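Q: Numbering-wise (numbering that gives the first Met the number 0), the sequence shown opens with residue 0 and increments by one.
Note that CB positions come from ideal geometry on N, CA and C, so glycine has one too.
No experiment lies behind these values; they were computed from the predicted model shown.
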Amino acid sequence: MTLKLLAEVSPQDLLVALAEVQGHLLGYVKSMALKCAVDLGIPEAMHRRGGSATLTVIAADAAVHPAKLADLRRLMELLTATGMFTVTDREGSGANDSGAVVYKLTTACRFLVGSLNLSPMVPFLVSPPVVSSFFSLGDWLKSEPAAAGSVFELAHGCSQWEMANSDATLNRIINDSMVADSKLFLEVIIMDKGRIFRGLSSLVDVGGGHGAATQVIAAAFPRIKCTVLDLPHVIGQDVTGDGKVRFVAGNMLSPFHLQLPSYSRTFCMIGVMKNCIKITSTLCQTREIAKSAEDGSHTEYVHDVYQWDGTRENEWKMIFSKAGFSLEKIILAFSYIVFVAPFTVLSCIKGLDRR
Numbered sequence: 000m001t002l003k004l005l006a007e008v009s010p011q012d013l014l015v016a017l018a019e020v021q022g023h024l025l026g027y028v029k030s031m032a033l034k035c036a037v038d039l040g041i042p043e044a045m046h047r048r049g050g051s052a053t054l055t056v057i058a059a060d061a062a063v064h065p066a067k068l069a070d071l072r073r074l075m076e077l078l079t080a081t082g083m084f085t086v087t088d089r090e091g092s093g094a095n096d097s098g099a100v101v102y103k104l105t106t107a108c109r110f111l112v113g114s115l116n117l118s119p120m121v122p123f124l125v126s127p128p129v130v131s132s133f134f135s136l137g138d139w140l141k142s143e144p145a146a147a148g149s150v151f152e153l154a155h156g157c158s159q160w161e162m163a164n165s166d167a168t169l170n171r172i173i174n175d176s177m178v179a180d181s182k183l184f185l186e187v188i189i190m191d192k193g194r195i196f197r198g199l200s201s202l203v204d205v206g207g208g209h210g211a212a213t214q215v216i217a218a219a220f221p222r223i224k225c226t227v228l229d230l231p232h233v234i235g236q237d238v239t240g241d242g243k244v245r246f247v248a249g250n251m252l253s254p255f256h257l258q259l260p261s262y263s264r265t266f267c268m269i270g271v272m273k274n275c276i277k278i279t280s281t282l283c284q285t286r287e288i289a290k291s292a293e294d295g296s297h298t299e300y301v302h303d304v305y306q307w308d309g310t311r312e313n314e315w316k317m318i319f320s321k322a323g324f325s326l327e328k329i330i331l332a333f334s335y336i337v338f339v340a341p342f343t344v345l346s347c348i349k350g351l352d353r354r
């Protein structure tokens, strides 16, 4: 910092700027605090009590050591400041009366509780393999582009999927995370934009695993014939469906899988879409892309960096055009929905770049 800047900026503004820098440097503490709360079962315990609880009750439910009550209060204060909880004082209680202060779940925190929640995403997104990979971000940016290369691969020498193949715990965590994310995303989409499914007679979930997400659609729209397509070892012999969802073992990348090491992700996506289009015989005319969501907060850009493969609208146009599809519109959300004639593509891949 130069002396000129010190002279031009007021002391108050300097303190605000300094606090902002420190907030960035310690940003990881927010993620770790939330993971700690989920690991201790705090949100779920509060949910069982009607959505609120005092600090002493939370400590008892979470089996926190009595000597760590003040430390638990600091954790709850941080998560309150970051929007996961709200806090109120009972009438007549003092500011330091931890037994009388009542914490309540916010709408954001309610995504982590109940029968349909995102808590399984926490142990994956805030796991040592994922977090530690970002220590290699600078080296990755300076390195030569590699086919299908990612920050994770540079840090660990393998992809997340390759690591999961040799680590049963990580494999379970990833699968649980994806299922929770997809199911909740589809529930929200069905509630808010269920009209996109009107007129559909069939739906194929490519890479749908055991069909948890597809079953949400099948339950909401019984007339749609839902099929899950995934690799044989993923579906397994124990998955037979319940009559509402049909399971098919296959590989949409075939015969492209042999070329994966030497071709880009875009090439593979074009290959997949060309395979899809063989099923249909008619195409609609290209329509103008319709944006139906407001620009998001910085969370969207965090996802862009986390995924590091956000696809821009012009790239989507190119991919679908080369595959023989026409791109109709994109509905932007936390995930996104891509309409291509004659299909609707529900994508739970984060990081759509709108630039």
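Go through the region 203-252 residue by residue and report every complete run of the alpha helix (DSSP H) that reaches 4 residues or more, in order.
A: 211-219, 231-234
Q: From the DSSP output, in three-state form, read off V112 for me.
A: Position 113 of the sequence shown, counted from the start, is the residue given in the question as residue 112. Three-state result, V112: coil.
Q: Quick check on A36: buried or exposed, where buried means 16 or more other Cβ atoms within 10 Å of its Cβ?
A: Stepping through the sequence shown from its first residue, residue 36 is reached at position 37. Result: buried.
Q: Indicate the three-state DSSP secondary structure (helix, strand or coil) for D88 in the structure shown.
A: Along the sequence shown, read from residue 1 onward, the residue named residue 88 stands at position 89. Three-state DSSP puts D88 in a strand.
Q: With which residues is T104 paired in a DSSP beta bridge?
A: Counting from 1 along the sequence shown, the entry for residue 104 is found at position 105. The sequence shown places Leu at residue 104, rather than the Thr named in the question. Paired residues: F84.
Q: From the DSSP output, in three-state form, read off T62 for me.
A: On the sequence shown, position 63 is the one that residue 62 refers to. What sits at residue 62 in the sequence shown is Ala, not Thr. A62 falls in the coil class under three-state DSSP.
Q: Which residues does DSSP list as the beta-bridge partners of T53?
A: For the purposes of this step, residue 53 is taken as the residue at position 54 of the sequence shown. Answer by DSSP bridge pairing, in chain order: V101.
Q: Tell me whether N164 is buried or exposed, calling it buried when 16 or more other Cβ atoms sit within 10 Å of its Cβ.
A: For the purposes of this step, residue 164 is taken as residue 165 along the sequence shown, with counting starting at 1. So N164 counts as exposed.
Q: Alpha carbon to alpha carbon, how far is G210 from S126?
A: Numbered from 1 along the sequence shown, position 211 holds the residue referred to as residue 210. Numbered from 1 along the sequence shown, position 127 holds the residue referred to as residue 126. The alpha-carbon atoms of G210 and S126 are separated by roughly 25 Å.
Q: Roughly how many angstroms separate the alpha carbons of N174 and L115, rounded to a whole number?
A: As a position in the sequence shown, residue 174 is number 175, starting the count at 1. As a position in the sequence shown, residue 115 is number 116, starting the count at 1. Cα to Cα, N174 sits roughly 15 Å from L115.
Q: Just the Cα atoms here: how many angstroms apart are S142 and A61?
A: If you number the sequence shown from 1, residue 142 lands on position 143. If you number the sequence shown from 1, residue 61 lands on position 62. Whole-angstrom Cα-Cα distance: 45 Å.
Q: Helix, strand or coil: how does DSSP classify S201 here?
A: For this step, residue 201 is matched to residue 202 along the sequence shown. The answer is strand: DSSP assigns S201 an E or B state.
Q: Which residues in the same chain as S118 place their Cβ atom closer than 8 Å to its Cβ, once the five residues preceding and following it in sequence are excluded?
A: Start at 1 with the first residue of the sequence shown, and residue 118 comes out as number 119. If we look at S118 and ignore the five residues flanking it on each side, its Cβ neighbours are V37, P42, E43, L111, V112, A179.
Q: Within this structure, are the beta carbons of S131 and A154 separated by less than 8 Å?
A: Working through the sequence shown from its first residue, we reach residue 131 at position 132. Working through the sequence shown from its first residue, we reach residue 154 at position 155. Yes. Within cutoff.
Q: Might you give, ordered along the chain, the residues of its own chain that have their beta carbon closer than 6 Å to the beta carbon of I348, omitting 5 neighbours on each side?
A: As a position in the sequence shown, residue 348 is number 349, starting the count at 1. Any reading at I348 must be qualified, since the residue scores a pLDDT of 39, below 50, and its modelled position is unreliable; the value itself is stated next. For I348, where only same-chain residues beyond five positions count, there are no Cβ hits under 6 Å.
Q: For P231, which residues from the same chain have a beta carbon less than 6 Å from its beta carbon, with the 5 sequence-adjacent residues on both sides left out?
A: As a first step, residue 231 is located in the sequence shown; it is residue number 232 there, counting from the start. The answer, listed in chain order, is A248.
Q: Give me the Cα-Cα distance between P10 and L77, rounded to the nearest whole angstrom.
A: For the purposes of this step, residue 10 is identified with residue 11 of the sequence shown, where counting begins at 1. For the purposes of this step, residue 77 is identified with residue 78 of the sequence shown, where counting begins at 1. The alpha-carbon atoms of P10 and L77 are separated by roughly 26 Å.
Q: Should D12 go down as buried or exposed, given a rule of 16 or more other Cβ atoms within 10 Å for buried?
A: Translated into the one-based positions of the sequence shown, residue 12 becomes position 13. Burial call: exposed.
Q: DSSP state of E19, grouped into three classes?
A: Here the question's residue 19 lines up with position 20 in the sequence shown. Helix.
Q: Please tell me whether L54 and F84 are closer than 8 Å, where the distance is taken between their beta carbons.
A: Position 55 of the sequence shown, counted from the first residue, corresponds to residue 54. Position 85 of the sequence shown, counted from the first residue, corresponds to residue 84. Against a cut-off of 8 Å, the Cβ pair of F84 and L54 comes out as no contact.
Q: Which one of V150, V233, R73 has the shortest CA to CA distance from A171?
A: Counted from its first residue, the sequence shown places residue 171 at position 172. Checking the displayed sequence, the identity of residue 171 turns out to be Arg instead of Ala. Nearest in C-alpha terms to R171, of all of V150, V233, R73, is V233.
Q: How many angstroms separate the CA atom of K321 from the CA atom of D204?
A: Looking up residue 321 in the sequence shown gives position 322. Looking up residue 204 in the sequence shown gives position 205. For K321 and D204, the distance between alpha carbons rounds to 22 Å.
Q: Which two residues bound the contiguous alpha helix (DSSP H) that contains C157?
A: Along the sequence shown, one-based indexing puts residue 157 at 158. Careful: C157 lies outside any alpha helix (DSSP H) and carries neither H nor E.
Q: From D109 to A6, what distance separates their C-alpha atoms?
A: Within the sequence shown, numbered from 1, the residue matching residue 109 stands at position 110. Within the sequence shown, numbered from 1, the residue matching residue 6 stands at position 7. In the sequence as displayed, the identity of residue 109 is Arg instead of Asp. So the alpha carbons of these two residues sit roughly 47 Å apart.
Q: Output the boundary residues of the alpha helix (DSSP H) element that contains E43.
A: Mapped onto the sequence shown, residue 43 falls at position 44. Counting along the chain, the alpha helix (DSSP H) containing E43 begins and ends at 41-47.
Q: Tell me whether E149 sits in a helix, a strand or coil according to DSSP, three-state version.
A: Taking the first residue of the sequence shown as position 1, residue 149 is located at position 150. Just to set this straight, residue 149 is Ser in the shown sequence, not Glu. In this structure, S149 counts as coil in the three-state DSSP scheme.
Q: Can the beta-carbon of L74 be found closer than 8 Å to that of A32?
A: Along the sequence shown, read from residue 1 onward, the residue named residue 74 stands at position 75. Along the sequence shown, read from residue 1 onward, the residue named residue 32 stands at position 33. It is a contact, given that the beta carbons lie within the stated cut-off.
Q: Grab me the residues of R222's own chain with a C-beta within less than 8 Å of its C-beta, minus the 5 sequence neighbours each way, in chain order.
A: For this step, residue 222 is matched to residue 223 along the sequence shown. These residues qualify, in order along the chain: S200.
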